[in-house]
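First residue of the sequence shown: 2, per my numbering; consecutive thereafter.
Below is one structure, written out as structure tokens, with a few remarks after it.
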Amino acid sequence: MPAARADVRVNVEPELDDRSDVDAPALLAAVERILTIGVLQWRRIVDTIATEVEDAVATQSAEETTALRDDLDLRSVIVFHEAILLSLAAPKQFPDSWIRAQLDDDLAVDDVVVEGKDADVEMVEFGSLDDLLDVLSSADDD
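This is how it looks when you write it as structure tokens:
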């Protein structure tokens, strides 16, 4: 993801339990939209995330002097039908936590949560985009 200067893992969650149909083109468009985001829009997202976290922990004293904006490191992206979830690390300020930010359809920050790194998350890996498309297509046939 060039705007974030990061190589990220992108997970696509078709939400098969919640939906009877999979809109593969919409999911792929969302993947493309987040991966090709511009630098200025990425900076606005990072600023919003940092501000929300800083506001939430404003009463706690911090030993780390690195600005959260400079400490945030994008690690993964999960694309849902109606949202995008970013997982960010902040190794200096939150070494034992993930910062999760949910973006809406317009790539605006909708929600920010800080959670421990030991939270259970099921991951399914695909060797290629073609493998992912095969799974999405077969889910659409079911």
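Glycine residues also receive a C-beta, built at the ideal position from the N, C-alpha and C atoms.
Span separating the alpha-carbon of serine 77 from that of arginine 10: So the alpha carbons of these two residues sit roughly 5 angstroms apart.
CA-to-CA distance, aspartate 24 to alanine 91, given in whole angstroms: When rounded, the distance between both Cα atoms is 34 angstroms.
Closer than 7 angstroms by C-beta to lysine 118: which residues in its own chain qualify, once you throw out the five before and the five after it? Chain order, please. Counting only residues of its own chain and dropping the five nearest sequence neighbours on each side, lysine 118 has a CB closer than 7 angstroms to the CB of Asp97, Ser98, Trp99.
Give me the Cα-Cα distance between leucine 28 and aspartate 22, rounded to the nearest whole angstrom. Just so you know, the alpha carbons of leucine 28 and aspartate 22 end up roughly 12 angstroms apart.
Between which residues of its own chain and aspartate 48 is the CB-CB distance below 8 angstroms, once the five residues before and five after are set aside? So the qualifying residues of the chain are Arg70.
Which residue marks the beginning of the beta strand (DSSP E) containing valine 32, and which one marks its end? From DSSP, valine 32 is part of no beta strand (DSSP E) but of the alpha helix (DSSP H) over 25-36.
With DSSP collapsed to three states, give me the class of leucine 41. It is helical.
How far does the beta strand (DSSP E) with aspartate 72 in it extend, from its first residue to its last? It is not in any beta strand (DSSP E) - aspartate 72 instead sits in the alpha helix (DSSP H) that spans 69-72.
Can you tell me the Cβ-Cβ gap for leucine 75 and alanine 7, rounded? I've got them flagged as a contact below 8 angstroms. The pair is a contact, with the Cβ atoms about 4 angstroms apart (cut-off 8 angstroms).
Contact set for glycine 39: own chain, Cβ-Cβ below 8 angstroms, skip 5 residues either direction: Around glycine 39, the same chain offers Ala4 as residues with beta carbons nearer than 8 angstroms, after the five sequence neighbours per side are excluded.
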